[in-house]
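J.:
There are 2 protein chains.
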Amino acid sequence: MKQILLSHGGGGEETQRLIKDLFFRYFSNPILEKMEDAAVLEINSKLAFTTDSFTVSPIFFKGGNIGKLAVAGTVNDLAMMGAQPLYMSCSFIIEEGFPFDHLEEIVRSMYEEMKKSGVKIVTGDTKVVPRGSADKIFINTTGIGRIVYDGISASNIQEGDIILVSGTVGDHGACIMAQREGIEMEGDLKSDCATLWPVVKDLIDSGIPIKAMRDPTRGGLSAVLNEWAESSDIGIEIEEDMIPVKDEVQGMCELLGLDPLTLANEGKLIIAVPEDQAEKTLEVLRDNPLGREAQIIGRAISDYKGKVILKSSYGSKRILEPPAGELLPRIC
Amino acid sequence: MKQILLSHGGGGEETQRLIKDLFFRYFSNPILEKMEDAAVLEINSKLAFTTDSFTVSPIFFKGGNIGKLAVAGTVNDLAMMGAQPLYMSCSFIIEEGFPFDHLEEIVRSMYEEMKKSGVKIVTGDTKVVPRGSADKIFINTTGIGRIVYDGISASNIQEGDIILVSGTVGDHGACIMAQREGIEMEGDLKSDCATLWPVVKDLIDSGIPIKAMRDPTRGGLSAVLNEWAESSDIGIEIEEDMIPVKDEVQGMCELLGLDPLTLANEGKLIIAVPEDQAEKTLEVLRDNPLGREAQIIGRAISDYKGKVILKSSYGSKRILEPPAGELLPRIC
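If you're matching them up, the sequences are chains Z and D in order. FYI, full-length UniProt numbering numbers position 77 of the first sequence as 77, with every residue one higher than the one before it. FYI, full-length UniProt numbering numbers position 170 of the second sequence as 170, with every residue one higher than the one before it.
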């Protein structure tokens, strides 16, 4: 079996061959092919700029792999700022002996995922480290987008604003944990890993006034809502029963003692809009396959400033604390 | 001793605290502090965009550490394209149990190094992986620069153009190898790790017509010259004796069976200029502490297209093959 060798990361002939034979085959575009020390870009617009290193384990999981995740994750961070994803850098840290076939499968997934937003890889780096110095493969993607909808911010939310989620929560986290624990997964428990740009574009094109928007990755829904409550200095009241959670995810959470509200998502967004735009937002979300199961889940209130309140259908209330402690390592 | 825990990478409260207590203390600026999913930038110029993941081992070495290297390396890639370094992303992958003091020392070095070009970290990411999943710490930095001198390219070199190097070659590679092998280092053998933007700015401000420019990192002088010969479809003839190599580096190379021409440099540049600009270029380089030991080392010729020829002082010639095989892993 063909493997990645230290020489593939040495900067010599083997590195050149890996770049030309594998990376260019999938990522090719005129900017990347110049192979200079830096890519040259012309954008002439306000830019969004974001980075993520992906260390997920296992690297192949139901619904995706580390490559798909590395593209979707960075593209989503751009989209959440109202930016059309344009360019990405891609940097691999690969453990010596990593199967070449696996690398190719990862690269092919990245190529497929990039088509969903039109983002292009224009610069890259490959390091190969000796066995035992890294676990299989880590990928950093850093993205640049053109801001087409300006002013989205975690600190924009005002009393009365409505909070929506684009679909079920906890899918990615539950899937990764189940696979890691070797639990047989039934039904359609799989990662929701997806590029959100198409549904964000729908929202923008429909003229929805977006106040805040986030993809709830590490720390899940709970982390984002708590950050919003703090940044906007408001209370956020969530109707617990309105939060969509798949039965399989709920089951896995009960089995493993996890909370779906703190589990990572990789293809969902949370959005805050003015009250009179809530129904229209829900419609736009549900019209797109990425938001088919969208729900209105809560609103911003003047009480409980800086806190997130979970309201049960019986009317009882409790504070949703920000996630803390040893969450799930290597979830993304 | 305070250590980095998995929870510092979990995206919850501990991650927020690490960001605010450590990273913001050194990296703080208004864009970074917004802590949105992506930084918002306004540049309005042609951009350079480059990425590098740093996996160097040992992480602390004579002349620098992985943090200084991560800043200088990415800033240098921007500078080599005639771009003023503006913004950087910074992504850490840290092994659980990594000493907090070491992280702080690395972060402090990054802060010090950033002052030399004025580059700012505006977005970041921190992942903590379980013990054994990564060796200590890896850093990705991805940079954006404003192109102030346009048109530098490896494919621009024409017959007669003169090649200069800004100083001694092989220092970084020899230093890392010596430390890794536990060899007692005498004299001033240390990494040349440095931000090159100030000397590049001098070249641009002096009106030097820069045809090609590179910092010879992995694969060293040999890799760059071979790439230039191929990209520009010319021969490059180098006067071997004109290449500055420190005695300590030469000694270490003889001891370890290495070639200084293929060893990584982290604070040197190679530049190609028209023949009538060579002396002025040499002057500008030598006027800056970063180029004190600059030398004219060769020229582009019409023979030996795509090849690099080493000419000895006795007049004998040999081809300098591009570096290949297992070079030095984790050199940067």
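Even glycine gets a Cβ: it sits at the ideal position worked out from N, Cα and C.
Candidates Leu189/Z, Ser91/Z and Gly235/Z: which alpha carbon is nearest glycine 173/Z's?
T.: Nearest Cα to glycine 173/Z within the set Leu189/Z, Ser91/Z and Gly235/Z: Leu189/Z.
J.: Could you pull out every residue in the same chain whose Cβ sits closer than 6 Å to the Cβ of glutamate 248/Z, ignoring the five residues on either side in sequence?
T.: Gly187 and Leu189
J.: Near arginine 108/D, which residues of its chain fall below 7 Å by C-beta distance, leaving aside the five closest residues on each side in sequence?
T.: Tyr26
J.: For chain D, is any of its Cβ atoms less than 9 Å away from the one on phenylalanine 100/Z?
T.: no
J.: Compute the Euclidean distance between the alpha carbons of histidine 8/Z and proline 289/Z, then round it to the nearest angstrom.
T.: 40 Å
J.: Would you verify that the beta carbon of proline 198/Z is, or is not, closer than 9 Å to some beta carbon of chain D?
T.: no
J.: If distances are taken between C-alpha atoms only, which option among Tyr304/Z, Ile204/Z and Gly325/Z comes closest to glutamine 277/Z?
T.: Ile204/Z
J.: Nearest-angstrom Cα distance between proline 209/Z and isoleucine 144/Z?
T.: 23 Å
J.: At least one CB of chain Z closer than 9 Å to the CB of phenylalanine 92/D: is that the case?
T.: yes
J.: Please state the DSSP three-state secondary structure of threonine 281/D.
T.: Three-state result, threonine 281/D: helix.
J.: Quick one: residues in its chain with C-beta nearer than 6 Å to the C-beta of proline 260/Z, no 5 flanking neighbours on either side, listed in chain order?
T.: For proline 260/Z, same chain residues with a beta-carbon under 6 Å away, outside a window of 5 residues either side, are Val169, Gly170, Val245, Val249 and Cys253 in chain order.
J.: Smallest Cα separation from glycine 73/Z: which of Ala272/Z, Leu196/Z and Gly11/Z?
T.: Leu196/Z
J.: Which bits of chain D does arginine 330/Z rub up against, with CB to CB less than 8 Å?
T.: By Cβ distance, chain D contributes Lys127, Val129, Pro130 and Ser133.
J.: Output needed in chain order: residues of the region 303 to 326 of chain D with a Cβ under 8 Å from some Cβ in chain Z.
T.: Listed by position along the chain: Pro322, Pro323, Ala324, Gly325 and Glu326.
J.: Against tyrosine 87/D, what residues of chain Z qualify as contacts under a CB-to-CB distance less than 8 Å, listed in chain order?
T.: Phe49
J.: Round the Cβ separation of leucine 225/D and glutamate 96/D to the nearest angstrom and send it over; I've been treating them as touching at under 8 Å.
T.: Actually they are not in contact, since the Cβ atoms of leucine 225/D and glutamate 96/D sit about 42 Å apart, beyond 8 Å.
J.: Rounded to the nearest angstrom, what separates glycine 298/D and isoleucine 270/D at their Cα positions?
T.: 11 Å
J.: Give the residues of chain D in contact with serine 53/Z, contact being defined as C-beta atoms less than 7 Å apart.
T.: Ser91, Ile93, Asp125, Lys127 and Asn140
J.: Between arginine 330/Z and valine 165/D, what straight-line distance do the alpha-carbon atoms span, to the nearest angstrom?
T.: 43 Å
J.: Starting from threonine 50/D, trace the beta strand (DSSP E) both ways and give me its first and last residue.
T.: 47 to 54
J.: Short of 7 Å Cβ to Cβ, which residues in the region 152 to 183 of chain Z face chain D?
T.: Ser153 and Ala154
J.: Where does tyrosine 314/Z land, buried or exposed, given buried means 16+ other C-beta within 10 angstroms?
T.: Classification of tyrosine 314/Z: exposed, given that the 10 Å Cβ count is below 16.
J.: For cysteine 332/Z, name the three-state secondary structure that DSSP assigns.
T.: coil
J.: Where does glutamate 239/D sit, in a helix, a strand or coil, going by DSSP?
T.: strand
J.: Determine whether the Cβ of isoleucine 144/D lies closer than 9 Å to any Cβ atom of chain Z.
T.: True, the Cβ-Cβ gap to chain Z drops below 9 Å.
J.: Could you tell me whether any Cβ in chain Z is nearer than 9 Å to the Cβ of asparagine 76/D?
T.: yes
J.: Can you grab the Cα-Cα spacing for the pair methionine 81/Z / lysine 34/D, in whole Å?
T.: So the two alpha carbons sit approximately 12 Å from each other.
J.: Tell me whether the beta-carbon of serine 91/Z lies closer than 9 Å to the beta-carbon of glycine 124/Z.
T.: Yes. Within cutoff.
J.: Kindly say whether glutamate 33/Z, judged by its beta-carbon, lies nearer than 9 Å to any beta-carbon of chain D.
T.: no
J.: Once the 5 residues before and after arginine 131/D are set aside, which same chain residues still bring their CB inside 7 Å of it?
T.: Glu95, Glu96 and Gly97
J.: Three-state secondary structure (DSSP) at aspartate 101/D?
T.: If DSSP states are grouped into helix, strand and coil, aspartate 101/D belongs with the helices.
J.: Using DSSP with H/G/I as helix, E/B as strand and the rest coil, what is serine 91/D?
T.: strand
J.: Can aspartate 241/D and serine 312/D be called in contact, C-beta distance under 9 Å?
T.: yes
J.: With 9 Å as the limit, tell me which residues of the region 198 to 222 of chain D have their beta carbon closer than that to any beta carbon of chain Z; keep them in chain order.
T.: Cβ contacts with chain Z come from Met213, Arg214, Asp215, Thr217, Arg218, Gly219, Gly220 and Ser222.
J.: Using the C-alpha atoms, what's the distance from threonine 141/D back to proline 88/Z?
T.: The sequence shown places methionine at residue 88/Z, not proline. For methionine 88/Z and threonine 141/D, the gap between their C-alpha atoms comes out near 13 Å.
J.: When DSSP labels each residue in this structure, what does valine 249/D get in the three-state scheme?
T.: helix
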